[in-house]
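Student: This structure is in structure tokens; I'll ask about it shortly.
2 protein chains.
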Amino acid sequence: MTTLDTLGELGLIDRIRKETPAAIHPGTIRGIGDDAAVFALSDSEFGLLSTDMLLEGIHFDLTYMPLRHLGFKAVAVNVSDIAAMNGLPTQITVSVGLSSRFTVEAVDELYAGIRAACEAYNVDLVGGDTTSSRSGLVISVSVLGKVDKDRITYRNTAQPNDVICVTGDLGAAYLGLQLLEREKQEYLANPDMQPSLSEERAYLIQRQLRPDGRTDIIHELRDLDVVPTAMIDISDGLASELLHLCTQSGTGAVILDENIPVDDQTYLAAEEFKISPITAALNGGEDYELLFTVKPQEFEKLQNHSRITAVGYMTSTPDRIVLATKAGQQTQIKAQGWVR
Amino acid sequence: MTTLDTLGELGLIDRIRKETPAAIHPGTIRGIGDDAAVFALSDSEFGLLSTDMLLEGIHFDLTYMPLRHLGFKAVAVNVSDIAAMNGLPTQITVSVGLSSRFTVEAVDELYAGIRAACEAYNVDLVGGDTTSSRSGLVISVSVLGKVDKDRITYRNTAQPNDVICVTGDLGAAYLGLQLLEREKQEYLANPDMQPSLSEERAYLIQRQLRPDGRTDIIHELRDLDVVPTAMIDISDGLASELLHLCTQSGTGAVILDENIPVDDQTYLAAEEFKISPITAALNGGEDYELLFTVKPQEFEKLQNHSRITAVGYMTSTPDRIVLATKAGQQTQIKAQGWVR
């Protein structure tokens, strides 16, 4: 008997993938191993399908997660997977398992968030499943999307010398979680306390509770006529996602630590929690930004873009995936274990 | 505050559907309210998307449900939703939430069943999500399928005088569950007991543990050049599904009780459990057979089919959905409450 911990989530996915036979349908273009599955749609477009499950006590804590935000987030994290293929979402299904402690009003709040996200990302809610749950709240969202055949972007097609880019800033969602967890512990110790989360921390809290799927970037890449060579969304931290791109593309990478985009609030909170902001960016997760690579000659089209930052470059030495300081020091970037 | 029980599952779905805005995408052909969502695929075909969630303690009990059968069943019940649109499945995603008590070997068993079902139904496993779970096992499957535009079959298009047909036989899965539950109680009372489930009950047990999605019927309807006027799969019992067809089509129905197909084993077990076999067929659920209607002149193509039985006919009086005995007695068929 082997425990799941010894294998880890990535090991488990790898095991499932290896045992999965080759596709039968000619319409199956790409299966397990990318942000979304790819299927034949029309002459000029591919269809995309992705799914994500959120479980109470694992992915969210209802003591500080408002149901409306949770509904929004459940859609946003799925939309993010479609964006990671350079695609745009079109339809979603939402399945919900509810224990008897939930009221109709609570379910209304959850769906108000789901609808708000559908509106924000231009997606139709087309179905789902509702069921009772013996324990907590379970949410499973599946999303359909589409992408022009000549713009689809996989994980395994980065090349040496490609510029590595990230959107937005990193580490904020992780520090938002730390703030919320601390607040919860203080509340549990003293239920009469007043919430002390200041306005200055609002950005971090929002990044954790109501992340955004970056479909805006997908539109902008199209407008700028840039097709990334590889792309993935940053759900488990920059380190983990970079390792996916490198392993699947057979490349190495150099990341310049001073280039990693970190918000001022993230810096301040990291200091307070005695965490390196770079560690938060590398291993924190849940930022739902995009990590992508472009050919060096393409990068000039992006270099003045305020929400896209070049953080390093791909190399031809697959084993060397390193973080480099300005002083020239290099440290190997390591994989994480079981990730929620 | 309103409890979920006062609303019921169907009331909840209705509430969600009513609050869902009209579709934005022209590619969204049909949303919430049928067995699967329908989207534009090619000039001659529609795409189908459906999803079902199975939760431990609600939908299955691992004390008697082998993981391999559970994997098969999770796929089969989704395939059944695609069949209910007169379509065939093409790709699935499987998301699994696992608590730490599951071993790698247990997950292997689950996926062996999933792969067996993929082979049986000619479906590609293209993705999913794996996560840890705080409580029990959670399985969420989404399935893509397709159907010729001129063969798609909705729930709301039955007409008065259409012949109501069911495939296979009904009530067996429910009695299989009763047998397994009784066995479990006996085992809990006396853990040294030997299992007493006889060979003669094998069919009932199999119907509960390893149901089949009826894609065979979809192929045969095509071969016989029959397009049903309306169709739904029987997951919650004949009564509940018939009410859906009638309510959505604006028809009434007469079901002849002596025509309802019930297997001999179901009769025997029903007698033992002091349940009417007709009640088991009407309200038992989990048979995953198909309930469909055809125009009277089309029915002759089906009347010699060994696995299709005419059980009644649609009428033009929406409020009267009745079960009729040979003696001429009629009783109104009622809706169920919250269904698992």
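Protein sequences appear in the order of chains Z and A.
The opening residue of the first sequence carries number 14 in the working numbering; numbering runs sequentially from there.
The opening residue of the second sequence carries number 14 in the working numbering; numbering runs sequentially from there.
All C-beta atoms, glycine included, are put in the ideal place defined by N, C-alpha and C.
Remember, predicted model here, so these are calculated numbers, not experimental data.
For residue 33 of chain A, count the other beta carbons within 10 Å of its own beta carbon; 16 or more makes it buried, fewer makes it exposed. Which is it?
Tutor: Position 20 of the second sequence, counted from the first residue, corresponds to residue 33 of chain A. Buried: at least 16 other Cβ atoms inside 10 Å.
Student: So that I know if they touch, is there some Cβ in chain A lying closer than 9 Å to that of residue 83 of chain Z?
Tutor: Indexing the first sequence from 1 puts residue 83 of chain Z at position 70. Not one chain A Cβ lies under 9 Å of residue 83 of chain Z.
Student: Relative to the alpha-carbon of residue 171 of chain A, which residue among A:183, A:242, A:159, A:201 has its alpha-carbon at the smallest distance?
Tutor: Counted from its first residue, the second sequence places residue 171 of chain A at position 158. Of the listed residues, the one whose Cα sits closest to residue 171 of chain A is A:242.
Student: Nearest CA to the CA of residue 189 of chain A: which residue from A:220, A:212, A:44, A:201?
Tutor: Sequence index remark: in the second sequence, residue 189 of chain A carries index 176 (1-based). Nearest option by C-alpha distance: A:220.
Student: Please check the pair residue 217 of chain Z and residue 279 of chain Z, which I expect to be a contact at CB under 8 Å, by giving their CB distance rounded to whole angstroms.
Tutor: Locating residue 217 of chain Z in the first sequence gives position 204, where the first residue counts as 1. Locating residue 279 of chain Z in the first sequence gives position 266, where the first residue counts as 1. Confirmed, Cβ separation roughly 7 Å.
Student: Taking the beta carbon of residue 184 of chain A as the centre, do at least 16 other beta carbons fall within 10 Å, making it buried, or is it exposed?
Tutor: Numbered from 1 along the second sequence, position 171 holds the residue referred to as residue 184 of chain A. Answer is buried; the Cβ neighbour count reaches 16.
Student: Assuming residue 70 of chain A and residue 43 of chain Z are in contact, meaning their beta carbons sit under 8 Å apart, how far apart are those beta carbons, in whole angstroms?
Tutor: Counting from 1 along the second sequence, the entry for residue 70 of chain A is found at position 57. Counting from 1 along the first sequence, the entry for residue 43 of chain Z is found at position 30. That pair is no contact at about 35 Å.
Student: Beta strand (DSSP E) containing residue 58 of chain Z: first to last residue?
Tutor: As a working mapping, residue 58 of chain Z is identified with position 45 in the first sequence. Unbroken beta strand (DSSP E) run through residue 58 of chain Z: 58-68.
Student: Is the distance from the Cβ of residue 64 of chain Z to the Cβ of residue 226 of chain A below 9 Å?
Tutor: The count along the first sequence starts at 1 and reaches residue 64 of chain Z at position 51. The count along the second sequence starts at 1 and reaches residue 226 of chain A at position 213. Contact flag unset, no.
Student: Can you tell me which of Z:104, Z:343, Z:77, Z:164 puts its alpha carbon nearest to the alpha carbon of residue 193 of chain Z?
Tutor: Start at 1 with the first residue of the first sequence, and residue 193 of chain Z comes out as number 180. The shortest Cα separation from residue 193 of chain Z among Z:104, Z:343, Z:77, Z:164 belongs to Z:77.
Student: Evaluate the contact criterion for the region 233-249 of chain A versus the region 279-293 of chain A: three or more CB pairs, one atom per stretch, below 8 Å.
Tutor: The answer is no - the region 279-293 of chain A does not touch the region 233-249 of chain A, with fewer than three Cβ pairs under 8 Å.
Student: Using a beta-carbon distance cut-off of less than 7 Å, what residues from the region 152-173 of chain Z approach chain A?
Tutor: Of all residues in the region 152-173 of chain Z, 153, 155, 157 have a Cβ within less than 7 Å of some Cβ in chain A.
Student: Is the CB-CB distance between residue 159 of chain A and residue 305 of chain A below 9 Å?
Tutor: Start at 1 with the first residue of the second sequence, and residue 159 of chain A comes out as number 146. Start at 1 with the first residue of the second sequence, and residue 305 of chain A comes out as number 292. No, Cβ-Cβ distance for residue 159 of chain A and residue 305 of chain A is not below 9 Å.
Student: Could you name the residues of chain A that residue 113 of chain Z contacts, counting a contact when the two beta carbons are closer than 8 Å?
Tutor: Counting from 1 along the first sequence, the entry for residue 113 of chain Z is found at position 100. Near residue 113 of chain Z (Cβ distances below 8 Å), the residues of chain A are 16, 17, 18.
Student: In three-state terms, what does DSSP make of residue 79 of chain A?
Tutor: On the second sequence, position 66 is the one that residue 79 of chain A refers to. Looking at residue 79 of chain A - three-state DSSP - the assignment turns out to be coil, as it is neither helix nor strand.
Student: For residue 357 of chain A, which residues in chain Z fall below 8 Å Cβ to Cβ?
Tutor: Any property of residue 357 of chain A remains undetermined from this structure, which presents chain A solely from 14 to 353.
Student: Can you tell me the Cα-Cα spacing of residue 174 of chain A and residue 329 of chain A, whole angstroms?
Tutor: For this step, residue 174 of chain A is matched to residue 161 along the second sequence. For this step, residue 329 of chain A is matched to residue 316 along the second sequence. Looking at the two C-alpha atoms, the distance is approximately 8 Å.
Student: Using 8 Å as the threshold, is the region 149-157 of chain Z in touch with the region 249-262 of chain Z, meaning 3 or more CB pairs across them?
Tutor: No, because fewer than three Cβ pairs between the region 149-157 of chain Z and the region 249-262 of chain Z fall closer than 8 Å, the two stretches do not touch.
Student: Within the same chain, show all residues whose beta-carbon is closer than 6 Å to that of residue 47 of chain A, passing over the 5 residues directly before and after it, in chain order.
Tutor: Along the second sequence, read from residue 1 onward, the residue named residue 47 of chain A stands at position 34. Excluding positions up to five away in sequence, the list reads 167, 168.
Student: Measure the Cβ-Cβ separation of residue 38 of chain Z and residue 103 of chain A and say whether it is below 9 Å.
Tutor: Locating residue 38 of chain Z in the first sequence gives position 25, where the first residue counts as 1. Locating residue 103 of chain A in the second sequence gives position 90, where the first residue counts as 1. Result yes, Cβ atoms of residue 38 of chain Z and residue 103 of chain A sit closer than 9 Å.
Student: Report back the beta-carbon spacing between residue 86 of chain A and residue 204 of chain A to the nearest angstrom; my notes put them in contact at under 8 Å.
Tutor: In the second sequence, counting from the first residue as 1, residue 86 of chain A sits at position 73. In the second sequence, counting from the first residue as 1, residue 204 of chain A sits at position 191. That pair is no contact at about 26 Å.
Student: In the DSSP output, which residue or residues are listed as bridge partners for residue 319 of chain A?
Tutor: For this step, residue 319 of chain A is matched to residue 306 along the second sequence. Its beta-bridge partners do not exist; DSSP assigns none.
Student: List the residues of chain A whose Cβ lies closer than 8 Å to the Cβ of residue 296 of chain Z, in chain order.
Tutor: Here residue 296 of chain Z corresponds to residue number 283 of the first sequence, with the count starting at 1. Under the 8 Å cutoff, chain A gives no residues; its nearest Cβ is about 18 Å from residue 296 of chain Z.
Student: For residue 149 of chain A, go through chain Z and note every residue whose CB falls closer than 9 Å to its CB, in chain order.
Tutor: Here the question's residue 149 of chain A lines up with position 136 in the second sequence. Result: 147, 148.
Student: Once the 5 residues before and after residue 124 of chain Z are set aside, which same chain residues still bring their CB inside 7 Å of it?
Tutor: Residue numbering aside, residue 124 of chain Z sits at position 111 when the first sequence is read from its first letter. Contacts found: 84.
Student: Residue 142 of chain A versus chain Z: which residues are under 7 Å apart at the beta carbon?
Tutor: Residue 142 of chain A sits at position 129 when you count from the first residue of the second sequence. Those within 7 Å of residue 142 of chain A in chain Z are 64, 65, 66.
Student: Buried or exposed, going by whether 16 or more other CB atoms sit within 10 Å of the CB of residue 113 of chain A?
Tutor: Taking the second sequence and counting its residues from 1, one reaches residue 113 of chain A at position 100. Exposed, by the Cβ-count rule.
Student: Could you check if residue 180 of chain Z is buried or exposed, using at least 16 other CB atoms within 10 Å of its CB as the buried criterion?
Tutor: If you number the first sequence from 1, residue 180 of chain Z lands on position 167. Its Cβ being crowded by 16 or more others within 10 Å, residue 180 of chain Z is buried.
Student: In terms of residue numbering, what span does the alpha helix (DSSP H) encompassing residue 262 of chain A cover?
Tutor: As a working note, residue 262 of chain A is residue 249 in the second sequence. From DSSP, the alpha helix (DSSP H) with residue 262 of chain A extends over 251-262.
Student: To the nearest whole angstrom, what separates the beta carbons of residue 246 of chain A and residue 301 of chain A, a pair I think is in contact under 8 Å?
Tutor: As a first step, residue 246 of chain A is located in the second sequence; it is residue number 233 there, counting from the start. As a first step, residue 301 of chain A is located in the second sequence; it is residue number 288 there, counting from the start. The pair is a contact, with the Cβ atoms about 6 Å apart (cut-off 8 Å).
Student: Answer yes or no: does any C-beta atom of chain A fall closer than 9 Å to that of residue 231 of chain Z?
Tutor: Locating residue 231 of chain Z in the first sequence gives position 218, counting from the first residue. Not an interface residue.
Student: So who's on the other strand from residue 159 of chain A, going by DSSP bridges?
Tutor: Translated into the one-based positions of the second sequence, residue 159 of chain A becomes position 146. According to DSSP, which records beta bridges pairwise, residue 159 of chain A is partnered with A:60, A:101.
Student: Can you give me, in chain order, the residues of the region 26-43 of chain Z that have a beta carbon less than 8 Å from any beta carbon in chain A?
Tutor: Residues 26, 28, 29, 32, 33, 34, 36, 37, 38, 40, 41, 43.
Student: With 9 Å set as the bound, which would you pick, yes or no: does the beta-carbon of residue 135 of chain Z sit closer than that to a beta-carbon of chain A?
Tutor: As a working mapping, residue 135 of chain Z is identified with position 122 in the first sequence. By this cut-off, residue 135 of chain Z is an interface position.
Student: Contact check, residue 252 of chain Z vs residue 346 of chain Z under 8 Å by CB: the rounded distance?
Tutor: Reading the first sequence from its first residue, position 239 is the one you call residue 252 of chain Z. Reading the first sequence from its first residue, position 333 is the one you call residue 346 of chain Z. 5 Å between Cβ atoms; contact.
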